[in-house]
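> The following block contains the structure, expressed as structure tokens.
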Amino acid sequence: MVSLAGPSGFLSPYLHAAKFLLSRQVTAVVPAAVSSGQAAVKQRGSSGDSALIGGRFGVRYAHTDIRIPDFSDYRRHEVMDPKKSAQDSSETRRAFSYLVTASTAVVGVYTAKTVVTQFVSSMSASADVLALSKIEIKLSDIPEGKNMTFKWRGKPLFVRHRTDKEITTEASVDLSELRDPQHDKDRVLNPSWVIVIGVCTHLGCVPIANAGDYGGYYCPCHGSHYDASGRIRKGPAPLNLEVPYYEFPDESTVIVG
């Protein structure tokens, strides 16, 4: 039963009329709400009279018709029992958390490594470019005392087959006389062959082979003279001709690059 009390105000005439029209008498006012059933409304008029209205009312209980979500499927079995302390299983749960964290870290590091490797590989030279980075030269095609020019990586490449006289002359040069001191044996793998990049170290011109005051290379642009080992001997060039990386797979072949 529901009990409502308050000043009647403008509802007082209606409540007085309803008191006589109701066929069912309500003798008491229930002070609390119950499930849907008998209910009464008590209204006091301005004259002090009380009016009772009897009838059936639907009663809604607050917080009793709301479905509370159940998270049991997401909880660990160690903490399901409310009578057990969560501290009893803390070590096991902590170990599991550490395992998950470590596994995630390993997967993340491996993924980052793969991404970085793929990114760096995408910027590396393609197979066709790598193929052009090396050149194989048959030394048997170059007679003694002659120089041949090849194109390597867009630059002229000088391959010189030296005579015994040239080998002896270049090996006996006093290093104190050189602008860029470098012994002949440090510039060659095989004394019979001199391999240098044919670009003048002054302004990038292409020297002429078997020319100049020292019988090696001569740059006519500004008068730089190089000997048969590619070392600067005279003129404005500051450095010797560059020696690229090369190797001899056999006596008659050289691979540059």
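Read in order, the letters of the sequence shown are residues 14 to 270 in the numbering used here.
Note that the Cβ used here is the ideal one computed from N, Cα and C, for glycine as well.
Should Ser242 go down as buried or exposed, given a rule of 16 or more other Cβ atoms within 10 Å for buried?
buried
> Is the CB-CB distance between Val212 and Val256 below 8 Å?
Taking 8 Å as the Cβ cut-off, Val212 and Val256 do not qualify as a contacting pair.
> From this set, Ile148, Arg173, Pro169, Leu152, which residue's C-alpha is nearest Asn160's C-alpha?
Arg173
> Provide the residue span of the beta strand (DSSP E) that contains Ile180, from first to last.
From DSSP, Ile180 is part of no beta strand (DSSP E) but of the alpha helix (DSSP H) over 177-184.
> Do Phe163 and Ile155 have their beta-carbon atoms positioned less than 8 Å apart in this structure?
no
> Starting from the C-beta of Ser60, find all residues in its chain whose C-beta is less than 6 Å away, skip the five residues before and the five after it, and write them out in chain order.
Residue placement at Ser60 is poorly supported in this model, since its pLDDT is 47, which falls under 50; the coordinates still yield a value, given next. Cβ within range, chain order: n/a, list empty.
> Measuring alpha carbon to alpha carbon, tell me which of Val129, Ile79, Val201, Arg246 ends up nearest Gly267.
Sequence check: residue 267 is Val here, not Gly. Out of Val129, Ile79, Val201, Arg246, Val201 has the C-alpha closest to the C-alpha of Val267.
> Which same chain residues end up closer than 6 Å to Ser102 when comparing Cβ atoms and leaving out the 5 residues on each side of it in sequence?
Glu91
> Looking only at C-alpha atoms, which of Tyr239, Asn203, Lys168, Ser134 sits nearest to Leu252?
Tyr239
> Trp206 and Leu254 - do their beta-carbons sit closer together than 8 Å?
no
> Residues in the same chain with beta-carbon distance under 8 Å from Ser85, minus the five sequence neighbours each way, listed in chain order, please.
Met93
> How long is the line joining the alpha carbons of Ser137 and Phe261, rounded to whole angstroms?
27 Å
> In chain order, what residues of the same chain have a beta carbon less than 8 Å from the beta carbon of Gly248, not counting five sequence neighbours either side?
His215, Cys232, His235, Gly236, Ser237, His238
> What's the gap between the Cα of Phe132 and the Cα of Val113?
28 Å
> Relative to the C-alpha of Val269, which candidate in Asp83, Gly217, Arg166 has its C-alpha closest?
Arg166
> Candidates Pro204, Asp199, Ile245: which alpha carbon is nearest Pro220's?
Ile245
> Taking 6 Å as the limit between beta carbons, can you name the residues of its chain near Ala99, skipping five residues before and five after?
Excluding sequence neighbours, Ala99 sits near Val92.
> Rounded to the nearest angstrom, what separates Val120 and Tyr87 at their Cα positions?
Taking the straight line joining both Cα atoms gives about 24 Å.
> Along the chain, where does the alpha helix (DSSP H) that runs through Thr114 open and close?
103-136
> If you follow the beta strand (DSSP E) that Glu255 is part of, which residue opens it and which one closes it?
From DSSP, Glu255 is part of no beta strand (DSSP E); its letter is neither H nor E.
> For Gly225, count the other beta carbons within 10 Å of its own beta carbon; 16 or more makes it buried, fewer makes it exposed. Which is it?
Classification of Gly225: buried, given that the 10 Å Cβ count is 16 or more.
> Using a Cβ-Cβ cut-off of 8 Å (strictly less than) and excluding sequence neighbours within five positions of Lys198, which residues of its own chain qualify?
Excluding residues within five positions, the ones whose Cβ falls inside 8 Å are Ala184, Pro204.
> For Ser227, list the residues DSSP reports as bridge partners.
Looking at the sequence provided, one finds Tyr at residue 227 rather than Ser. Tyr227 is not bridged to any residue.
> In or out: Arg175 buried (at least 16 other Cβ within 10 Å) or exposed?
buried
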